[in-house]
Every structure is written in structure tokens, then in C-alpha cells.
Amino acid sequence: MFTREEALRRVEGASPARLFGPPTPDRRDQAKRLYRALAGALHPDRVAPDDTRAHRASADLTRLYHDWRHAEPVTLRTTRGTYRLTDLHAVGSVANLYRTDGPHVVKLVRNPKLNPLLHAEWHALRTLDEFTDEHRRLKPYYPTLHDTGDVQRGHRAFTVLEPLVDGFVTLTDVKAAHPHGLDGRDYAWMHRRLLRALAGAHRAGLVHGAVTSDNVLVHPRRHGIVLTGWTFAVETGQPPLATDNTTTYPPEVTAKAPLSPATDVHMAHQLMLDLLAHNEKRQRTFARGCMQRDPAARPDAADLLDEYDQLLEDLYGARVFRPFALPRRGA
Ligand SMILES: Nc1ncnc2c1ncn2[C@@H]1O[C@H](COP(=O)(O)OP(=O)(O)OP(=O)(O)O)[C@@H](O)[C@H]1O
Ligand SMILES: [Mg+2]
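Shown next as C-alpha cells:
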């Protein structure tokens, strides 16, 4: 709750964006709460009947909030293009992902202090793009950077990406749809592709650093996997720029040691344990065999590709396409 003086200080002479922040959809709830709290402090029932200053501020506040809500969606400009943000598509660990009025999506960092993380992601995505110019069959495993925001101090960095929207869900969604865990034959194709994506990144000299279920996009019908969320990526052997306190990390990250491909191997197999059904004993044993405390004792993603295929052949015989779909919500 605000006092009359605090409310006056905020409202008098304010502009909609100064009072409520940039008019992006993710700020609507926050703006509404602020509006209500300020309106409460300036309400005619709370202030003296002859308090004309408060009455004027109250009217100004109503106008400011109206203008803020009806402001044009944020338009982001670069030397290459103009992107008008429309709907909020996803909320990530450091950024929000918006649809635009064009074909692309925009990843806009929530706090300009974290701009360096987006710069790290640009570097990783450009490295992967060059790498996959030579290894073209790996291109679909990584997001494609279309454009980046010109960075000025205090402004929020943003990345314009090719959209992965039609038919894509996250591994978090897959997990939610299968609370008792996945059949090993369904997780098999997801894990093979994830290993391929990781092995490619490692060859390109990168460590992803945040192989979590939110960052793995799945296209159930096409059996597609895209490894997104590269803001925590570093070149092999570098320390992380930051860590995310909602993620469970391998021991070396907690101990602030440099990241190595083994970090991703650990995380990918933690993910496997999280996703697989409990009775998938042999696959679970395989996963645990990739999660040693000592990073040097963990196998390479490239070697694991063969070992995993061997295990799948032992378990299920010759490979066959197994359709996968998420149950429809509410069905
Ligand atoms: N190109 C894309 N098209 C559509 N959705 C995407 C795309 N990239 C990511 N997403 C979705 O948006 C969410 C947030 O994106 P992302 O993970 O890149 O942001 P972040 O979590 O803030 O950053 P990071 O994971 O790099 O730290 C992802 O979990 C994913 O569901
Ligand atoms: Mg993410």
C-alpha cells in the first residue's frame, strides 16, 4: 500500500511508460497491481474532500493507466528490420519469448543487466550456424538466429529467431502429459537426437550448460528435437557466466569449476532419469552410468550415440518408427 505522498510522487508528471514500464504483455499483471495500489491511496474515500491535488492525481492516474493499456505493442527496430511484439509465447529463465506480427519470434531479456547472457547466446548460435554449414544434417537440432537487437546501455537486448511454434512442445510439456514417465521406446528417439545435438555442439567447441526440460523442444509428430536456450552456453573449458537457481546442476558447476562437454552429458542423463518411467531399468542404469561425480569419468556424447544404439537394439531389436502424440488437454 502507498501513502498519499508516495502515490503523488509517482503519479504527478509521470508518463505511462515511466510509471508502468514498457508496455509489453508480460507487464500487464504488474501494472494492474500498481494501478490498483495507487488508485487506492488516492481514492476520494481515503483523502480529504478538499484535497484537490490528490483528486487531480487520481484522474491523471486513470488516464495514464488507460494510455498504457492501449499503447502500441512494443516495436523493436534493428538495421535489418522492424518487429512488433504481439502475444507472449513463453516465459524462460532470463527472457520472454514473443510472437510478432511477422514470421519470427523475439526473445527479449527481462533485465538489461542480463544482456551479456544474450550476447553469449548470439555467439553460440552463430558458431552453430557456421558449424552446421559443414554438417547440414545437424541444422534442425539448433535454433536459427535471424537478427539481434542493437544494444544500447540500459536497453534490453533481444534476439530474433526463426519460429518453432507449429507442433512444438517442450520436454516439460511431455513430462506433464506422462506423469508416470515415458515408455523407453518413446524416449529412445528423443534421447538419440538430443545426444546428436550435444555431440555436434561439443565438436563445435561449445558447452550448452543448461540441458533442462524447458530447453528441449519436441515435435512429436515429426520426431523432431531442437535444443534451445543457449544463454548459459560457453566455449569448452570456460566458467559459466551465470547459473540459474531453479536448475539442478552437476557437482562441478556447483563447485564453480569450468564447464566441459561432460557437464552437458550429466545434465542430459539427469533429464533421461526425470522423463523415463521407473520400470525402464536398463535405460535408467545406462543414464546413471553417464553421471559420475568426476566429469573426466563420463563418456563423450559422440561415443554414447553408438553405445545407446547398441542398448536400444538389445532391448527392442531392429528400429521401427513408433508414432508419438501428446494426449489432448482435457481429453
Ligand atoms: N525459436 C523458438 N520458437 C518458439 N519457441 C521457442 C523458441 N526458442 C525457445 N522457445 C520457447 O521459449 C522458451 C524460452 O526460451 P529460452 O529457453 O530460449 O529462454 P530463456 O529460458 O529465458 O533463456 P535460456 O534458456 O537461454 O537461459 C523455451 O523454453 C521454449 O519453450
Ligand atoms: Mg530456457
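Under my numbering, the first residue of the sequence shown carries the number 14, and numbering increases by one thereafter.
C-beta atoms are modelled at their ideal positions from N, C-alpha and C, and glycine is treated no differently.
In this text the structure is predicted, and so the values were computed from the model without any measurement.
Identified DSSP bridge partners for residue i
i    : result
H215 : Answer is none; H215 lacks a bridge partner.
V173 : V119 and D160
E248 : L219
V182 : V231
G237 : H232
L103 : Position check: residue 103 holds Ala in this sequence, whereas Leu was assumed. Its beta-bridge partners are L110.
L289 : L195
L89  : Y96
Selection from the options that minimises the alpha carbon distance to residue i
i    : options                   : result
R76  : A52, R311 and T65         : A52
F171 : D179, V178 and G162       : G162
S273 : V239, Q165 and A214       : A214
E248 : R169, D307 and A133       : A133
T145 : A212, R112, S226 and L89  : A212
K152 : A54, R209, L325 and Q165  : R209
H56  : G26, G218 and E18         : E18
T92  : L328, D160 and Y78        : D160
R69  : A50, V24, D100 and F33    : V24
P116 : D179, N124 and Y154       : D179
H136 : F181, T185 and A217       : A217
Q251 : E293, P271, G237 and Y262 : P271
D73  : D63, D58, L32 and P36     : L32
G194 : E293, Y262 and F181       : E293
R295 : P35, D186 and L325        : L325
L110 : K269, A27 and D227        : D227
S28  : T37, Y78, R59 and A67     : Y78
T37  : H102, D142 and D319       : H102
L207 : E320, A20, A314 and R66   : A314
A300 : A67, M280 and P308        : M280
L21  : Q165, A67 and D58         : A67
F181 : G237, G94, E320 and D196  : G237
H291 : D322, D196, V87 and A30   : D196
Y48  : D142, A30, R332 and V87   : A30
G26  : R46, P308, S71 and F334   : S71
Beta carbon of residue i nearer than 8 Å to that of residue j
i    : j    : result
L130 : V107 : yes
L158 : L174 : yes
R311 : V266 : no
R97  : D80  : no
V220 : A246 : yes
V122 : N128 : yes
L317 : C303 : yes
T276 : G222 : yes
D100 : R112 : yes
R306 : P253 : no
F15  : A61  : no
E229 : T298 : Going by the sequence as given, residue 229 is Val instead of Glu. Not in contact: V229 and T298 (Cβ atoms no closer than 8 Å).
P12  : H168 : With the chain covering 14 to 344 only, the question about residue 12 has no answer from this structure.
R198 : Y329 : yes
Y154 : L138 : no
Beta carbon proximity, residue i to chain D, threshold 8 Å
i    : result
A310 : The chain inventory of the structure shown lacks chain D, comprising one protein chain alone.
Residue i: CB within 7 Å of a non-hydrogen atom of ligand 3
i    : result
E134 : For ligand 3, the structure offers nothing, since it holds only ligand 1 and ligand 2.
So, does the segment 203-218 touch the segment 279-287, judging by three or more C-beta pairs under 8 Å? Yes, since at least three Cβ pairs between the segment 203-218 and the segment 279-287 fall closer than 8 Å, the two stretches touch.
Does the count of Cβ pairs from the segment 258-275 and the segment 234-244 closer than 8 Å reach three? Contact between the segment 258-275 and the segment 234-244 is absent, because fewer than three Cβ pairs lie under 8 Å.
What residues come near ligand 2, if near means a beta carbon less than 6 Å from any of its heavy atoms? Proximity annotation: ligand 2 has residues G105, S106, D227, N228 and G242 in chain order, each selected because its CB is closer than 6 Å to a heavy atom of the ligand.
Within the chosen definition, does the segment 29-49 reach the segment 81-90 through at least 3 CB pairs nearer than 8 Å? Counting Cβ pairs under 8 Å, three or more are found: they touch.
Just checking, does the segment 226-236 make contact with the segment 318-338 on the three C-beta pairs under 8 Å criterion? By the Cβ test, the segment 226-236 is in contact with the segment 318-338, since at least three Cβ pairs between them sit closer than 8 Å.
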